[in-house]
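Some notes on the structure that comes next.
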Amino acid sequence: MNNKKNTGINRNLTSYGDPEFSRYLRRAFLASAGYDDTDLDRPVVGIVNTSSDYNICHRQMPEMVEAVKRGVFEAGGLALAFPTISLNEILTSPTTMLYRNLMAMETEEMITAQPMDAVVLLGGCDKTLPAQAMAAVSANLPALHVVTGPMLTGHWKGQRLGACTDCRRLWAEYRAGKLTDRDIREIEQSLCATGGTCMVMGTASTMACLVETLGLMLPEGATPPHATGRRLKNCVASGRAAVELARTGRKPTDILTQASFDNAVTVLMALSGSTNAVIHLIALARRAGIPLSLDRINQTSKKVPVLVDCKPAGKGYMEDFHNAGGVPALLKVLAPHLNTETMTVTGSSLGDLIKETRPPGSRQTAIRHLSAPLKENEAIKVLYGTLAPGGAVIKTASASPGLMRHRGPAVVFDSPEDAAERIDDPALGITENHVMILRNCGPVGAGMPEAGALPVPVYLARRGVRDMVRVSDARMSGTAYGTVILHCAPEAAAGGPLALVRDGDPIELDVPSGRIDLAVPPEELVKRRASLVLPALPERGWKRLYAAHVNQANRGCDLDFLTPGGENN
Ligand code: FES
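Under my numbering, the first residue of the sequence shown carries the number 23, and numbering increases by one thereafter.
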């Protein structure tokens, strides 16, 4: 037995002032779990287990953890699983975004405090994977990601259903009086047919595809549905690969480069993925010390066509994308737009992977060819203007073409609660020409909930209105759709121009020109600013720490002290 080396179970010794004693004590306690020298001489692979009864998107994770362990043991490693915070979008108030950085911080600290040579991070639901990727980059230990995978689709009256684009579409139909109470109850019981993540191109699916593109996950790891043999095989293979990774010592910062982030942005646009990915990619790049600006994202967006036919921008579901070949097949088609020299956890380049991949079959429709895209370019566009000097985003691929240029009077809501209370009141007199403004929902103001896709007022919905221009400092779910301008920076609670808008002010949206403007004379805005009172920060705990240190959306909403370079970065 070699118990002197600073590897495996001897890493990160507990500090008693006597390393020999620390090693002896560690072996004594591990003996109580049946581990002997044969076990403890092996490379140690930590497994981050985010099972939680509160996270139904991770429902079968315990089986996945066992599968990863099997792979680790088969390859000669010692697998030790440990829990961290788990975040589920639907069961967390006010929003999981408020806790992404807490999860990243906790995960990083547990990776660096406990002995392990490599780590497999099991995530899935929207914020879990970004948090784990940020943690892995900051810990900079050999790391590999595994996701729970998308749900299989459900059915109702012959319609194929998926969470949560169809949740939203059918709820809008119900609000418009097109569906009965009984219909909506039946739909409620049919939308989420299995465990796993939302089975459209929401944030979870998008981030899984981007982390695979970044090379931090085994090829084909993003799309196998939850609880299928393919998903479990990916877990076993990831366990084996993690042992190899522990031996090679390849770290996330050996893999991540400017080119790999450009590839991820390229894939984001080809997927017509979630706007939330813009925030998460910027945060992850900044953790890796790689500059990724909204402008760079915009430049890539101009060049890349939408190729994947998946809701909310398209018609299909994640299992269709998976059956068409998933991320490797998409990369094969997208190759002319990619830097194929980027590295992956396997030690192969993206180009090697593309060479081995078969092109998508001629009979599938989930992955389009470059010659027949779903949209020419600009799935997501960055806007600037007097309402968002630091930038805002719109997912043009799921917005109404007829609203891309629009001028209308503002109707202002100061919070999601204010909107919920007043939006359906006909006395407010909202017309389809109005621009609904929602503010105080940015990272400082409210932790940035997915409240940006405000519902169309019920009296307009019943007249057939399905979309209106909405502008906010909030986010929206990756499964949502509509002409929704999000992430306005700086946010209202930080004194951004959204705070100065009043009911009736003209708002000008010009997506082709990349503009979102408040058409009010500057001198009037100066007067309004003089009487502006910013909301107080929360008084205590995590919410206080978060609000005091969170960066704006255009800088990834990370905490200033977790980013290289600190608050000035
Ligand atoms: Fe978990 Fe959608 S709620 S992925």
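Beta carbons are placed, not taken as given, at the ideal position from N, Cα and C, and that holds for glycine.
Determine the direct distance from the alpha carbon of residue j to that of residue i, and round the result to whole angstroms.
i	j	result
V355	L329	9 angstroms
I402	I507	11 angstroms
L303	L143	18 angstroms
N591	A155	Confidence in N591 is poor, its pLDDT being 48 and thus under 50, which makes the residue's placement too unreliable to answer from.
C186	V222	7 angstroms
R524	L460	11 angstroms
N123	D58	37 angstroms
C15	T245	Here the chain comprises residues numbered 23 to 591, so residue 15 is not present and cannot be evaluated.
G587	G271	26 angstroms
A286	Y38	44 angstroms
P313	T387	36 angstroms
M138	A575	33 angstroms
P528	I209	39 angstroms
G68	S535	49 angstroms
S11	A264	Any question about residue 11 goes unanswered here, given that the chain covers just 23 to 591.
D40	L47	11 angstroms
N34	N28	8 angstroms
D317	G412	11 angstroms
N71	L213	26 angstroms
L567	A514	19 angstroms
M173	G217	6 angstroms
G224	G295	7 angstroms
T36	D63	18 angstroms
G93	E195	47 angstroms
N147	Y121	Rather than Asn, the amino acid found at residue 147 in this sequence is Cys. Roughly 13 angstroms separates the two Cα atoms.
A496	N462	8 angstroms
A215	L183	9 angstroms
T297	V233	15 angstroms
Report the CB separation of residue i from residue j in whole angstroms; it is logged as a contact under 8 angstroms.
i	j	result
A161	I206	That pair is no contact at about 45 angstroms.
L559	A570	6 angstroms
L372	V159	Not confirmed; about 19 angstroms, so no contact.
M86	L254	7 angstroms
C579	M470	6 angstroms
L166	V367	5 angstroms
R484	A249	No, R484 and A249 are not in contact; Cβ-Cβ is about 40 angstroms, not under 8 angstroms.
A414	A511	7 angstroms
V487	V478	5 angstroms
E400	S323	5 angstroms
L425	V491	6 angstroms
Exposed or buried, what is residue i when buried is set at 16 or more other beta-carbons lying within 10 Å of its beta-carbon?
i	result
E7	With the chain covering only 23 through 591, there is no way to say anything about residue 7.
K549	exposed
F583	exposed
H177	exposed
F343	buried
A432	buried
T364	buried
P423	exposed
E341	buried
Q181	exposed
P274	buried
H509	buried
K339	Per the sequence shown, residue 339 should be read as Tyr rather than Lys. The residue is buried, with at least 16 neighbouring Cβ atoms inside 10 Å.
K337	exposed
Q82	buried
N455	exposed
S43	The amino acid occupying residue 43 in the given sequence is Phe; Ser does not appear at that position. The residue in question, F43, is exposed, as its Cβ has fewer than 16 Cβ neighbours within 10 Å.
E439	exposed
H391	exposed
G251	exposed
P105	exposed
R262	buried
S227	buried
Based on the DSSP secondary-structure assignment, which residues constitute the bridge partners of residue i?
i	result
I112	Note: I112 sits in no beta bridge, so no partner.
Y406	R537
C332	G338
W193	Paired residue(s): none; W193 is not in a bridge.
F104	V70
G145	V169
A4	Limits of the chain in this structure are 23 at one end and 591 at the other, which puts residue 4 out of reach.
M365	S371
W564	The partner list for W564 (beta bridge, DSSP) is empty, contrary to what the question assumes.
Q280	DSSP lists no partner for Q280.
L531	H428, I538
Q181	W178
G413	A511
S494	L460
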